[in-house]
Amino acid sequence: MDNRNDTVLKQLTARFLLIGLFVAAVPAQGGDSFGERLRNLFQGEAQSSAGEEFLPADEAFRFSASVVGPDRVDLMWRIADGYYLYRDKFRFRIIQGDAGIDTASIDIPHGTVKSDEVFGDVEVNTGEVTVTVPIHRCHGRSDEAIVLQVGYQGCKEDAICYPPVSRDVPMILTGGTGE
Amino acid sequence: MKPAVLKPFGLICLLAISAGAGFYLYQQDSGNPRPNADAADGERPPEATQEAATPDSVIGARRPDFSLPDLEGRERHISEWDGNVLVINFWATWCPPCLKEIPEFVELQSEYGDQGLQFVGIALQDPSDVVDFARKHGMNYPNLVGELPVIRIAEAYGNNTGALPYTTVVDRQGTVVFVRQGPMRGPEVEAVIEPLL
């Protein structure tokens, strides 16, 4: 019996590794036309007439996602120096698949409070940010294909701000009960 | 008991199924229009440009044509202001650096308006978000609004990062003579427009 459990555990581990590789290999999609347009715009790099260079959003906020369990997804942003993401602008929702998210249970790391002349005190994240999103699966299927839509927005300090970015992350959650 | 040789096939099958499912999702995702509150219903984007414009490529070129609704919902065409020195400012109320520019733009419009200076604000958002701000801050120049169409227009004017603020200056002949990604202070704008007036 122990051997059987050990084999099942190994198989599940292998599957998670594979799914992790798969998720990493499939770029997050800006699924709607608005998001696609934004993403296309962000391919380039602009130089102001004053000579200051700004990164496209994809480089200012490097985003990745990985499945870390049957009902958990880790989302990570590597934020370039001088840039920040608004802590209250992160958005998460399931747009495809039989699953849901209790957004209130998502723990977004606290950042620093920035005093803005226009908006007052706002909390912003810099550096690396990892957010674990718990997924509530509606069925006990062993494999569940879902699409998680992630939104975020940020700026470069005292210079420019990016429109809200929307990314669609397709993934397959494994390890259900198989019922 | 399964023969050991079957184990690698199991893994390969799993990988193939995963890849297939992922490709299916990718196709579904990229091929279908998506319901999204951000999408602006009924707005008509301008014609797509052949190649993505850059700030450098638009300098010296004829200003791209476009029309957008103003805050009252009336369609306005950019040619309406031909013959003026145009400062086209792409902005949004969610963009703090944009908001800091506006009081100085309002002052410049008052000071140079009778000499032929015309600011045109283009806000990347829903008009309902702009109306109160424009009124509260005494914006004395027209504001045009939209979402996807504004993105397309900004791109046509060389904004290849999509970030705001983004400002272009067009001379009286309709030629783009200046582009700035990032904020502009009043004196910087004056230095650009004075020789053109």
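Sequence lines, in order, name chains A and B. Residue numbers for the first sequence follow the working numbering, beginning at 1 and rising by one. Residue numbers for the second sequence follow the working numbering, beginning at 1001 and rising by one. Every residue, glycine too, gets a C-beta built ideally from N, C-alpha and C.
Host alpha helix (DSSP H) of residue i (start-end)
i: V1135 (chain B); result: The displayed chain sequence assigns Arg, not Val, to residue 1135 (chain B). Residues P1127 to K1136.
i: P1055 (chain B); result: P1055 to V1058
Of the listed residues the options, nearest to residue i (C-alpha basis)
i: T103 (chain A); options: A:L148, A:S115, A:R62 and A:G140; result: A:L148
i: A1150 (chain B); options: B:A1061, B:D1065, B:Q1173 and B:S1057; result: The sequence given here has Val at residue 1150 (chain B), not Ala. The candidate whose alpha carbon is nearest that of V1150 (chain B) is B:D1065.
i: G82 (chain A); options: A:Y162, A:M171, A:C155 and A:G175; result: A:C155
i: P1097 (chain B); options: A:V131, A:E59, A:E53 and A:V118; result: A:V118
i: V131 (chain A); options: A:E53, A:D74, A:E52 and A:E59; result: A:D74
i: G1186 (chain B); options: B:F1119, B:N1159, B:A1092 and B:I1153; result: B:F1119
i: R93 (chain A); options: A:G151, A:F54, A:Y162 and A:R141; result: A:G151
i: L1244 (chain B); options: B:M1139, B:Q1115, B:L1144 and B:Q1109; result: Residue numbering for chain B in the displayed model covers 1001 to 1197; residue 1244 (chain B) lies beyond these limits and cannot be assessed.
i: I1122 (chain B); options: B:G1083, B:N1084 and B:H1077; result: B:H1077
First and last residue of the uninterrupted beta strand (DSSP E) at residue i
i: G1186 (chain B); result: No beta strand (DSSP E) contains G1186 (chain B), which is instead part of the alpha helix (DSSP H) from G1186 to I1193.
i: P1069 (chain B); result: S1067 to P1069
i: R167 (chain A); result: V165 to T174
i: L1144 (chain B); result: N1143 to G1146
i: A145 (chain A); result: D143 to Y152
i: A60 (chain A); result: No beta strand (DSSP E) contains A60 (chain A), which is instead part of the alpha helix (DSSP H) from A57 to A60.
i: F1105 (chain B); result: No beta strand (DSSP E) holds F1105 (chain B); the alpha helix (DSSP H) holding it covers P1096 to Y1112.
i: V1120 (chain B); result: L1117 to L1124
i: H110 (chain A); result: Unbroken run through H110 (chain A): none, as it is neither H nor E.
i: H1077 (chain B); result: E1075 to H1077
i: W1081 (chain B); result: Here W1081 (chain B) belongs to no beta strand (DSSP E), and DSSP marks it neither H nor E.
i: P134 (chain A); result: E128 to P134
Minimum Cβ-Cβ distance from residue i to chain B less than 8 Å
i: A159 (chain A); result: yes
i: A57 (chain A); result: yes
i: Y162 (chain A); result: yes
i: F54 (chain A); result: yes
Residue i classed as buried or exposed, judged by whether at least 16 other C-beta atoms fall within 10 angstroms
i: L1197 (chain B); result: exposed
i: E1147 (chain B); result: buried
i: S1110 (chain B); result: exposed
Near the ligand SAH: residue i beta-carbon under 7 Å from a heavy atom
i: D116 (chain A); result: Only the bare structure without any ligand can be found here, which leaves the ligand SAH out of the picture.
Chain A contact for residue i (CB, 8 Å cutoff)
i: A1191 (chain B); result: no
The stretch 105 to 127 of chain A: which residues have C-beta closer than 8 Å to a C-beta of chain B, in chain order?
D116, E117, V118 and F119
Can you list, in chain order, the residues of the stretch 1090 to 1111 of chain B whose Cβ is nearer than 8 Å to any Cβ on chain A?
Close to chain A, meaning a Cβ-Cβ distance shorter than 8 Å, are the following residues of the stretch 1090 to 1111 of chain B: A1092, W1094, C1095, P1096, P1097, C1098, L1099 and K1100.
Taking a cut of 9 Å between CB atoms, which residues from the stretch 1171 to 1189 of chain B lie near chain A?
F1178, V1179, R1180, Q1181, G1182, P1183, M1184 and E1188
Pull out every residue of the stretch 1154 to 1166 of chain B whose Cβ sits closer than 9 Å to any Cβ of chain A, in chain order.
A1154, E1155, G1158, N1159, N1160, T1161, G1162, A1163, L1164, P1165 and Y1166
Selection of the stretch 1116 to 1127 of chain B by Cβ proximity to chain A, strictly under 7 Å:
L1124
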